[in-house]
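By the UniProt record's numbering, the letter at position 62 of the sequence shown is numbered 62, and the numbering carries on one by one without gaps.
Presented below is the structure to which this report refers.
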Amino acid sequence: MSRTLTITVPDGLAAELDQRVAPGAYASRSTAVVDGLRELFSREEALDSWLRDEVGPAYDELREDPTRALSLEAVRAHIAGIHAQ
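Below, the structure written as structure tokens:
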């Protein structure tokens, strides 16, 4: 099922949208907007999952044992070592 929405976009975005629709990259403006929204929602979900599944637990571990954290100097040395290879 679908719903019709009326949106207002800045002229620049409308022109970019038309540039993608005109050569056939999308069947219509509507198709392009729907595809863009799906991509946006997918990226937001991926970011939320990363924060929840990786960043949150890492933060909790460091909060419980701050000695596990690396100093700025150690991080710089590690990065320099990677670039030296």
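No residue lacks a Cβ here, since even glycine has one placed at the ideal position from N, Cα and C.
Margin query: For leucine 47, which residues in the same chain have their Cβ closer than 8 Å to its Cβ, ignoring the five residues on either side in sequence?
Written below: Residue numbering aside, residue 47 sits at position 47 when the sequence shown is read from its first letter. So the list is empty, once near-sequence residues are dropped.
Note to self: Quick check on DSSP: helix, strand or coil for arginine 43?
What the structure shows: Within the sequence shown, numbered from 1, the residue matching residue 43 stands at position 43. In the structure shown, arginine 43 adopts helical secondary structure according to DSSP, grouped into three states.
Notebook entry, point to check: Between Leu40, Gly24, Leu51, Val34, which lies nearest to threonine 4 when the distance is taken from Cα to Cα?
Noted result: The sequence position of residue 4 within the sequence shown is 4, counting from 1. Ranking the options by Cα distance to threonine 4, first place goes to Val34.
Check: In whole angstroms, what separates the C-alpha of glutamate 16 from that of threonine 31?
Finding: What you label residue 16 is simply residue 16 of the sequence shown in a count that begins at 1. What you label residue 31 is simply residue 31 of the sequence shown in a count that begins at 1. It is roughly 14 Å from the alpha-carbon of glutamate 16 to the alpha-carbon of threonine 31.
Notebook entry, point to check: Between the C-alpha atoms of proline 57 and leucine 70, what's the straight-line distance to the nearest angstrom?
Noted result: As a working mapping, residue 57 is identified with position 57 in the sequence shown. As a working mapping, residue 70 is identified with position 70 in the sequence shown. Cα atoms of proline 57 and leucine 70: separation of roughly 17 Å, rounded to the nearest angstrom.
Note to self: If you reduce the DSSP assignment to three classes, tell me which class valine 9 lands in.
What the structure shows: In the sequence shown, counting from the first residue as 1, residue 9 sits at position 9. Three-state result, valine 9: coil.
Item checked: For tyrosine 26, the three-state DSSP class (helix, strand or coil) -> One-based indexing of the sequence shown puts residue 26 at position 26. Residue state, collapsed to three classes: coil.
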